Amino acid sequence: MKTVLISGQLIHFAGGTVRIRSDHPGISKTLEIHFKHCSTENGPIVANYLVTAVNDTDFTVSVDGSDLFSKINYDKALWLLMQDVITSLNGLSTTDLVFHAAALALANSGVILCGQSGSGKSSLAAWLTASGFQYLTDEVIALPIDGDEISGLCRSIVLKRGSAFIWQHWLQKKDVDGFLQFNEGSAWIEPALFNTEAIRAAAKPRVLIFPRYLPEAELHVEPLTPADALFRLLQCLVNARNIPDHGMSATTRLARQVTAFSLTYSNIESAAEWIKQTTLAG
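Structural data, given as structure tokens:
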């Protein structure tokens with residue numbers, strides 16, 4: 003039986019583009035919905051992905067003709083595909099510094115929430131977006147080597163099942179195309195469901211926050227010097243090996259451009275309110 007491929011979804015970030023094609027309408031529609039804001043620009047194709055239905059329940063994912071994952075279910079195919087796409091775009095960029103960070107904007111002020119998985123940046127990004135911030139990304143940001151504005155991988159917001167209270171609080175309807183809940187409880191949520199004016203392509207960062215979610219913790223904020231901010235930023239820099247001087251000059255410039263803080267919190271509402279007031283004051 004001949005495989006019929008649906009036209010590919012392009013995902014652009016940090017100077018590069020990947021193309022994803024599939025013979026499964028459900029996969030193609032999901033990618034179109036949850037990565038549609040990543041398709042507004044084009045760059046050189048750095049990887050071609052193919053998602054093929056093996057049968058009614060299993061899929062194979064390949065890249066540039068080589069199998070990545072075989073006979074995995076629908077949920078795993080989407081999750082593993084997303085993770086590999088992000089890794090490809092991050093690791094190959096030579097035009098931009100890529101940091102593990104969420105990014106938002108309020109008026110003319112960009113806010114970076116910098117941290118690794120588990121720091122709470124996606125949860126904060128969702129709550130802030132619903133509170134009126136514009137959304138760039140919840141996962142990775144790109145800073146051009148000679149630029150002062152950041153952009154983000156503007157995928158749907160990805161929330162783990164422990165953050166279900168966020169969509170339960172803010173979303174009136176969940177039976178819509180932009181809300182995808184997986185069997186294990188996590189969800190992909192199109193940012194416009196939280197805020198119809200959410201999407202923003204780029205912003206000049208004014209505030210840099212290193213969040214840390216800690217159960218039962220009181221809200222604690224500590225101002226950081228540019229040297230402290232630089233040290234922490236470098237720990238979140240993904241592609242230093244691709245950048246002249248390993249990104250030190252551009253990262254130093256970023257650290258001096260922003261007002262930086264560490265933030266420990268357990269109550270997301272109070273943390274989001276502090277971020278909002280700090281952004282407005284800056």
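Numbered per my numbering, the sequence shown finishes at 284, counting up by one with no gaps.
Ideal Cβ positions, reconstructed from N, Cα and C, are used throughout, including at glycine.
None of these values were measured; they are calculated from a predicted model.
For this session: Following the continuous alpha helix (DSSP H) through residue 63, name the residue where it begins and the one where it ends.
Result: If you number the sequence shown from 1, residue 63 lands on position 61. Residue 63 -> not in any alpha helix (DSSP H); beta strand (DSSP E) instead, spanning 61 to 65.
For this session: Report buried or exposed for residue 4, applying the criterion of at least 16 other Cβ atoms within 10 angstroms of its Cβ.
Result: By one-based count along the sequence shown, residue 4 stands at place 2. Only weak support is given to the placement of residue 4: the predicted model assigns it a pLDDT of 44, under 50, and the question is left unresolved by the model.
For this session: Could you tell me how far apart the beta carbons of residue 259 and residue 207 are, in whole angstroms, since I believe they sit closer than 8 Å?
Result: Here residue 259 corresponds to residue number 257 of the sequence shown, with the count starting at 1. Here residue 207 corresponds to residue number 205 of the sequence shown, with the count starting at 1. About 7 Å; that satisfies the 8 Å criterion.
For this session: List in chain order: all unbroken beta strand (DSSP E) runs of 3+ residues lying wholly within the stretch 216 to 261.
Result: 222 to 226
Exercise. Can you give the Cα-Cα distance for residue 129 and residue 73, rounded to whole angstroms?
Worked result: Here residue 129 refers to the residue found at position 127 of the sequence shown. Here residue 73 refers to the residue found at position 71 of the sequence shown. Distance between the alpha carbons of residue 129 and residue 73 is about 36 Å.
Exercise. By DSSP, does residue 140 sit in helix, in strand, or in coil?
Worked result: Your numbering for residue 140 matches position 138 in the sequence shown. Of the three classes helix, strand and coil, the one that applies to residue 140 here is coil, per DSSP.
Exercise. Going straight from the alpha carbon of residue 256 to that of residue 60, what length do you get?
Worked result: Locating residue 256 in the sequence shown gives position 254, where the first residue counts as 1. Locating residue 60 in the sequence shown gives position 58, where the first residue counts as 1. Between residue 256 and residue 60, the C-alpha separation is close to 45 Å.
For this session: Using three-state DSSP, classify residue 58 as helix, strand or coil.
Result: Mapped onto the sequence shown, residue 58 falls at position 56. Note: residue 58 maps to coil in three-state DSSP.
Problem set entry | Minimum Cβ-Cβ distance from residue 238 to chain C less than 8 Å | Structure shown: chain C not included; a single protein chain is present.
Exercise. Going along the chain, which unbroken runs of the alpha helix (DSSP H) with 4 or more residues stay wholly within the stretch 79 to 142?
Worked result: 123 to 132
Exercise. Does DSSP put residue 157 in a helix, a strand or coil?
Worked result: One-based indexing of the sequence shown puts residue 157 at position 155. If DSSP states are grouped into helix, strand and coil, residue 157 belongs with coil.
Problem set entry | Identity of the residue in 20, 28, 41, 271 nearest residue 171 by Cα | Reading the sequence shown from its first residue, position 169 is the one you call residue 171. Closest by alpha carbon: 271.
Exercise. Quick one: what's residue 50 bridged to in DSSP?
Worked result: In the sequence shown, the residue the question calls residue 50 occupies position 48. In the DSSP output, where bridge partners are listed per residue, residue 50 has 21.
Exercise. Looking at residue 95 and residue 154, is the spacing between their C-beta atoms short of 8 Å?
Worked result: In the sequence shown, the residue the question calls residue 154 occupies position 152. In the sequence shown, the residue the question calls residue 95 occupies position 93. No.
Problem set entry | Same chain only: Cβ atoms within 6 Å of residue 26, ignoring 5 sequence neighbours per side | Walking along the sequence shown from the start, residue 26 turns up at place 24. 55, listed in sequence order.
Exercise. Leaving out the 5 sequence neighbours to the left and right, which residues in its chain are closer than 7 Å to residue 37 when beta-carbon positions are compared?
Worked result: Residue mapping note: residue 37 aligns to position 35 of the sequence shown, counting from 1. Counting only Cβ-Cβ distances below 7 Å, and skipping sequence neighbours, we find 11, 13, 157.
Problem set entry | Contacting residues, own chain, Cβ-Cβ under 8 Å from residue 34 (five flanking each side not counted) | Here residue 34 refers to the residue found at position 32 when the sequence shown is read from its first residue. Excluding sequence neighbours, residue 34 sits near 11.
Problem set entry | Classification of residue 263 by the beta-carbon crowding that lies within 10 angstroms, buried from 16 upward | Residue 263 sits at position 261 when you count from the first residue of the sequence shown. Buried is the call here.
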